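Trainee:
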Amino acid sequence: MTVGATIAWRYESSGWVVRVDSPHFDPIEASADDAFEALCVVRNALEPLGWRVGVVGAQADVWPSGMGRDQGGGLTSYRMTTAGAAGVVDTFEPVDPATVTTVAEQRAEIDRLYDESQRGA
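For the sequence shown, my numbering begins at 153 and goes up steadily by one.
#1: Counting beta carbon pairs with one atom in the stretch 155-162 and one in the stretch 173-181, are three or more of them shorter than 8 Å?
#2: Only counting runs of 3 or more residues, tell me where the beta strand (DSSP E) segments fall wholly within the stretch 175-259, in order along the chain.
#3: With the cut-off set at 9 Å, would you say T154 and G209 are in Cβ contact?
#4: Could you round the C-beta distance between V214 and R231 to whole angstroms and report it? I think they count as a contact, below 8 Å.
#5: Output yes or no for whether 9 Å exceeds the beta carbon distance between T254 and Q211.
#6: Taking its Cβ as the centre, do 16 or more other Cβ atoms sit within 10 Å of D178, making it buried, or is it exposed?
#7: Report the partner residues of V169 according to the DSSP bridge assignment.
#8: Which value, in whole angstroms, describes the spacing of the CA atoms of Y266 and I180?
#9: Which residues in the same chain have their Cβ closer than 6 Å to the Cβ of D185, if we skip the five residues on either side of it in sequence?
#10: Select from V240, D222, A197 and D248 the residue whose C-alpha is nearest the C-alpha of A187.
#11: Where G220 and R264 are concerned, what is the direct C-alpha to C-alpha distance, given to the nearest angstrom?
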């Protein structure tokens, strides 16, 4: 089932905060050093309840670089392939929730793609 939700992110002196609100569940808010990591924390809280967050940053082949996280707050990420980064995407761009995965599955896929890209280098 797909339901409407609002996702918001902001920077505070202690780091980035991501919040997801929906009439179908209690608001979820998390803070971290960058917005991408805060998004992962929110996703980890929602996933056991059966919810997925429909943003590009939750797709299996998307991950920010360390520099993008440090300097840009993780607001942009890379679309990864076995050949390496294929382009920059907006982490919070809305997508169909059917195209996203869990944080654990995403991390595993990024590790696989990275390993493949290193073998081809």
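Glycine included, each C-beta is placed from N, C-alpha and C at the ideal position. Please read these numbers as outputs of a predicted model, since none were measured by experiment.
Mentor: Looking at the coordinates:
#1: yes
#2: Counting only runs of 3 or more, we get 177-184, 228-233 and 236-242.
#3: no
#4: About 6 Å separates the two Cβ atoms, so the contact holds.
#5: no
#6: exposed
#7: R162 and S183
#8: 31 Å
#9: Taking D185 as the centre and dropping the five residues before and after it, the same chain places the C-beta of G167 closer than 6 Å to its C-beta, in chain order.
#10: D222
#11: 21 Å
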